[in-house]
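The next block holds one structure in the form of structure tokens; read it before the comments.
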Amino acid sequence: MTVSRREFLATSAAASALAALGKPTTSFAESMANGGIQWTKGVCRYCGTGCGVYKGVRDGKLIAVKGDKENHNAGFLCLKGFLLPQIIDAPDRALFPLIRKNGKLERASWEEAMTLIASKFTETIEKHGKDAIAFYGSGQGYTEETYAANKLFKGGFGTNNVEGNPRLCMASAVGGYVSTFGKDEPMGCYEDIDAADVFFIIGSNTAECHPILFRRIVQRKEADPNVKVIVVDPRVTPTARIADLHLQFTPGTDLAILNAMAHYMVKHDLVDPDFIKQNVGFGQGKAANKSWDDYVAFLEEYTPEHAAEVTGCPVEKIVEAAKLFGAKGRRTMSMWTMGLNQRTKGVWANNLCHNLHLITGKIGVPGSTPFSLTGQPNACGGVRDGGALSHLLPYGRVIANADHRAQVEKIWGVPEGTIAPKPGKHCIDMFRALDEGAIKCMYIMCTNPGQTLPNAKRYRKAMASPDSFVVVSEIYHPTRTSELADVVLPAAAWSEKEGVFGCTERRYQLDAQVLQPKGEARPDFDILVDLARRTGHGILLPWKHPAEAWEELLVLGSDTPYKIQGITRARLEKDHGVLWPCPTEDHPGTKRRYVKGDDPSVPADWPGRICFYGKPNKKAVVWLRPQQDPAEPADAEYPFYFTTGRVIEHWHTGTMTMNCKELKHAKGRAELEICPADARKLGVKTGDAVKVTSRRASMDFPALITDNSPEGMVFVHMHDKDRLCNELTIDAFDAGSKQPEFKICGVKLEKA
Ligand SMILES: Nc1nc2c(c(=O)[nH]1)N[C@H]1C(S)=C(S)[C@@H](COP(=O)(O)OP(=O)(O)OC[C@H]3O[C@@H](n4cnc5c(=O)[nH]c(N)nc54)[C@H](O)[C@@H]3O)O[C@H]1N2
Ligand SMILES: Nc1nc2c(c(=O)[nH]1)N[C@H]1C(S)=C(S)[C@@H](COP(=O)(O)OP(=O)(O)OC[C@H]3O[C@@H](n4cnc5c(=O)[nH]c(N)nc54)[C@H](O)[C@@H]3O)O[C@H]1N2
Ligand code: SF4
Ligand SMILES: [Mo]
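Using our numbering, the letters of the sequence shown map in sequence onto residues 3 to 754.
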């Protein structure tokens, strides 16, 4: 069998071949012996795997990145990580501020730009009220940066209109964890991979999106032939290619599969009644007032045969998945990402995954855990833990809770009542308000919504409108967002500043500065401190260095189950990542939450092995959630399912990775992945242009004929700035999490 370059890249073999280059060195003598390269510990810029890196600097330039052998990634990195140096000196780096004058972005001084922003924000609040301004941030900013913005907007300007791209990404996972367990964030850790017997991977293309975790899964599978991998994804992804069992189905129907698996487990004695009795309650709607019998009755209709009919997935595969997942004495780890979260029933889909672990008791032991994979490098640490969404406050607190607001106000030293009691607008509503004129000023930092919002035409128009004032802090220009801005602020990039990242497994780690910012670029943290000073809120952000903000975060996180007070700056500088809770500086960190003897929040005299202390009765909830159709299934007029997502080479809008020559050449433009049968019907060959039309827009893509796509479904990657697939996608969102359904809409296809 010949292996194409693409297949090679997309397997863990690529990652394995790019093993660590050697032991990190820091002393001058050692660095001279290494060709004068100074190596400093940091974190990869990209995905939520959060690989530890060493950054190699010579003569003031970042010349290499290598894997940190002492971190969880054991020295391994994927290609994107290794090629990080190329993002710094890219030709389109934004080097000085720009202000739009007479319709055109023109060079300006920092003084001019900051004065303009401060006066616009101040005037807008005076004229139109606090909620006429908004902040839109990112799971890629450092925790200190995100915190600075959150504090300035909620505690200074007095608006809860603080959102970020994690709304597009992790909101349904948050909703799932909070509704099922009472607290956000995964309870397991990467070490669970080494102990799992069964991997249940649903709606996650782990091989391309979390390659170094995928490598660890493959390693586990290779070490023990009894290990089984189940993949639940409509497409034949590189992840599905290692599966022992691949369940394909009509997009948007997998809630029926999850319920049918539960149905089979209940009928065939694959459940753990003792565990259920001690640790589990049942609920429907919003109330946890149901019983085991109600649950069994609810599952009655979800026979594997019924699910097969609804989903198109063969009945034997659903049964086999249930048998493998539920097998007694075997450990099961489930993983999921956007295939479940980016859905109008995203929270429910998350609930149903948790259900399978709760009814089988496969939770809280090494190798058994429901483990949501986080997308961005700091969606967990900065936005989720840091509470930088419109309904949240730091460390599990919520705007709607008066005690929580009072706790935060006290730590911030602001008068009682400063934090508005009503949640702000969530992402889609915020951009709709910008479109409708209710929001007039927006500060966008470290995200590229002009390319990544669904139904993008509408929101691009809103950002471009002369009636809105949009500030974009970016490391490059032009991007599909900075081109719409009124002011572009040149931001310092990864490695030109320092800060903390928190990845998927609750691991906090410090990313070091090793370079001076390019041109006139400044760290986002400094820019926000400057803005606070100019708007009369300097006292709230009195810091000179992010380490000072970190001190405050430790206080905010200490009297909560996060217990991050042991993760001091000094510890972060020394350690290769620490997993919270970590109540003291000499605490080893916590591998598994809710587990007695491991999680410091579980009382020592707790009678069971696990305590779901996030819930008042200490019981997690199995929710009765029915299958429901997506907002826009394929139909007679728009007969194809259109889905969008990622490939291993690129990061989101490609601003960074398209600047890496090898990555750009390996995969550049977005192609329409279509199966041979559908291509034949359309009369197209690979390379032919296909016109894709949704209810919102039309766009041409070159066809790529591949068996990866099932009949009736097409895929394009989201990384191409010249083909904005988001003009086609739908902005319908989950009623609970407000996360949009990027993964599913109906389109029609024609040969262009
Ligand atoms: N290379 C690379 N890695 C990345 C990123 C990147 O841009 N590039 N981004 C990071 C970020 S922020 C994120 S959020 C993650 C995303 O990581 P993933 O979620 O793994 O990646 P996606 O390609 O968005 O989508 C995953 C899968 O969902 C499937 N899917 C579509 N519809 C359905 C459905 O109805 N049900 C189910 N079960 N599956 C469905 C798609 O076929 C696709 O294979 O990746 C992170 N890692
Ligand atoms: N169709 C479709 N759309 C999607 C998705 C999908 O699956 N399909 N997935 C959604 C998901 S899960 C996510 S997470 C989002 C991601 O969406 P975005 O966050 O909008 O995409 P990125 O390309 O990661 O944007 C980050 C921007 O920050 C800039 N940047 C990098 N470093 C810095 C810095 O230090 N400071 C500043 N100020 N800027 C910096 C980069 O150049 C880049 O332009 O996309 C969402 N949109
Ligand atoms: S797996 Fe993710 S964190 Fe690790 S090197 Fe690759 S992109 Fe970076
Ligand atoms: Mo994401």
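Positions of the beta carbon are idealized from the N, C-alpha and C atoms, including for glycine.
- A residue is called buried when at least 16 other Cβ atoms come within 10 angstroms of its Cβ; S475 meets this threshold and is buried.
- Short note on K745: C-beta closer than 6 Å to some heavy atom of ligand 1.
- Looking at the DSSP output, V516 sits in no beta bridge, so it has no partner there.
- Ordered by chain, the residues meeting the criterion of a beta-carbon within less than 6 Å of a non-hydrogen atom of ligand 4 are C171, G377, Q378.
- Ligand 2 has no heavy atom closer than 6 Å to the beta-carbon of I39.
- Burial state of K463 is exposed, judged by a 10 Å Cβ sphere holding fewer than 16 other Cβ atoms.
- Contact between the region 210 to 223 and the region 642 to 653 is present, with at least three C-beta pairs closer than 8 Å.
- When rounded, the separation of the alpha-carbon atoms in L517 and G656 is 23 Å.
- Per the DSSP secondary-structure output, L395 pairs in a beta bridge with R399.
- Residue environment for D724: exposed (fewer than 16 other C-beta atoms within 10 angstroms of its C-beta).
- Nearest Cα to K223 within the set H578, I195, Q250, N207: I195.
- About 12 Å separates the beta carbon of C315 from that of I232, a gap too long to meet the 8 Å contact definition.
- Secondary structure in the region 638 to 713: the beta strand (DSSP E) runs of 3 residues or longer, each lying completely within the stretch, are 642 to 647, 674 to 676, 691 to 695, 700 to 707 in chain order.
- Applying a distance threshold of 5 Å between residue Cβ atoms and the heavy atoms of ligand 3 selects C46, Y48, C49, T51, C53, L79, C80, K82, G83, P213, I214, given in chain order.
- Taking C-beta atoms under 8 Å as the contact rule, P379 and Q142 qualify, at a distance of about 6 Å.
- Per DSSP, H539 lies in no beta strand (DSSP E) segment and is marked neither H nor E.
- K753 and T695 have their C-alpha atoms some 11 Å from each other.
- For T208, the enclosing alpha helix (DSSP H) begins and ends at 208 to 211.
- Contact annotation: L581 and T592 have beta-carbon atoms nearer than 7 Å.
- A straight line joining the alpha-carbon of L512 with that of V45 spans about 7 Å.
- Three or more Cβ pairs closer than 8 Å define a contact, and the region 652 to 668 meets that threshold against the region 450 to 458.
- Counting along the chain, Q453 sits inside the alpha helix (DSSP H) bounded by residues 451 to 454.
- Counting only residues of its own chain and dropping the five nearest sequence neighbours on each side, I119 has a CB closer than 7 Å to the CB of V473, V489, L533.
- Counted as a single uninterrupted DSSP element, the beta strand (DSSP E) harbouring N291 occupies residues 289 to 292.
- Nearest C-alpha to W338 among C49, D528, G426, S206: S206.
- Secondary structure of Y615 (DSSP, three-state): coil.
- Below 8 Å, enough C-beta pairs join the region 499 to 514 and the region 43 to 58 to call them touching: three or more.
- DSSP places L555 within a helical segment (H, G or I) once states are collapsed to three.
- Per DSSP, the continuous beta strand (DSSP E) segment holding C443 begins and ends at 443 to 447.
- A direct Cα-to-Cα measurement between I361 and K745 gives close to 29 Å.
- The three-state secondary structure of I477, taken from DSSP, is coil.
- DSSP, read as helix, strand or coil, puts C171 in coil.
- The DSSP-derived three-state label of W350 is helix.
- G599: not part of any alpha helix (DSSP H); DSSP gives it neither H nor E.
- With a 10 Å radius around the Cβ and a threshold of 16 neighbouring Cβ atoms, N291 comes out exposed.
- Going by beta carbons, V298 and V321 fall outside the 7 Å limit.
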